[in-house]
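What follows is a short report on a single structure.
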Amino acid sequence: MIPKDPVMLLSFVNLKLRDFYGNLESLCEDLDVSETEIVDKLSSIDYHYDKEKNQFV
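With the numbering used here as the guide, the letters of the sequence shown map in order to residues -10 to 46.
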């Protein structure tokens, strides 16, 4: 289960990317969540995935 609130989701996803996953695709696959859902929800608060940094900025 991932947080519904976009700000909480941002914190959750960036922590997971930093500590456990090499990329967003791996995180989504492992947690069985839609990459599009995460990207859309975080873009609603003006955050976008940076592949080089492996985080939402």
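The beta carbon of each residue, even a glycine, is placed where N, CA and C say it ideally should be.
Here the structure is a predicted model, which is why all the values come from computation and not from measurement.
Minimum C-alpha distance to residue i - residue among the options
{"i": "Glu(-1)", "options": "Ser32, Lys40, Glu41", "result": "Just to set this straight, residue -1 is Leu in the shown sequence, not Glu. When each option's Cα is compared against that of Leu(-1), the closest is Ser32."}
{"i": "Pro(-8)", "options": "Ile27, Ile34, Glu14, Asp39", "result": "Ile27"}
{"i": "Lys42", "options": "Lys30, Ile34, Asp8", "result": "Asp8"}
Span of the alpha helix (DSSP H) around residue i
{"i": "Ile27", "result": "24 to 32"}
{"i": "Val46", "result": "First-last for Val46: undefined, no H or E at that position."}
{"i": "Met(-3)", "result": "-5 to 8"}
Beta-carbon gap between residue i and residue j smaller than 9 Å
{"i": "Tyr36", "j": "Val22", "result": "no"}
{"i": "Leu4", "j": "Tyr38", "result": "no"}
{"i": "Val(-4)", "j": "Leu16", "result": "no"}
Whole-angstrom C-beta distance between residue j and residue i, which should lie under 8 Å
{"i": "Gln44", "j": "Leu6", "result": "5 Å"}
Identity of the residues DSSP links to residue i by a beta bridge
{"i": "Tyr38", "result": "Phe45"}
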